Amino acid sequence: MGLCVPEKFRRNESSKVYRKLSNERYKVLLDECTDDNVIPAFKVGRSLWYWGGEEDSEKAYNLLKKAYTVLQREKLLHILEIHYNNRDIRWVDMTGYPK
Numbered sequence: 001m002g003l004c005v006p007e008k009f010r011r012n013e014s015s016k017v018y019r020k021l022s023n024e025r026y027k028v029l030l031d032e033c034t035d036d037n038v039i040p041a042f043k044v045g046r047s048l049w050y051w052g053g054e055e056d057s058e059k060a061y062n063l064l065k066k067a068y069t070v071l072q073r074e075k076l077l078h079i080l081e082i083h084y085n086n087r088d089i090r091w092v093d094m095t096g097y098p099k
């Protein structure tokens, strides 16, 4: 929605509560990430990935990795791994990825 909303009305996403994710809350999200409860870990992991900065990079990676593992999304795990190790790349070519 950011592109549709005039800049003066946009929320400052970098100030979200997720930036101040406590270690205790982080561990709870990892522990509670199960087949029927993937969304909280995925949502917080995604927010940390985009807005958390370098200090939250590992937490974001672990939350997303756990969510993708529970969902059995091997290709997304592969993409996540590549982006985590190379944060400066903008996209990943998956045309040669094993089927």
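Residues in the sequence shown are numbered from 1 upward in steps of one, following full-length UniProt numbering. Where a beta carbon is used, it is the ideal one built from N, C-alpha and C, also for glycine. Only a predicted model underlies this, so the values are computations on that prediction, with no experimental measurement involved.
- In the three-state DSSP reduction, residue 39 falls in the helix class (H, G or I).
- For residue 69, the enclosing alpha helix (DSSP H) covers residues 57-70.
- Using a Cβ distance threshold of 8 Å, residue 60 and residue 52 count as a contacting pair.
- Here the alpha carbon of residue 71 sits roughly 25 Å from the alpha carbon of residue 22.
- When DSSP states are grouped into helix, strand and coil, residue 92 belongs to the coil group.
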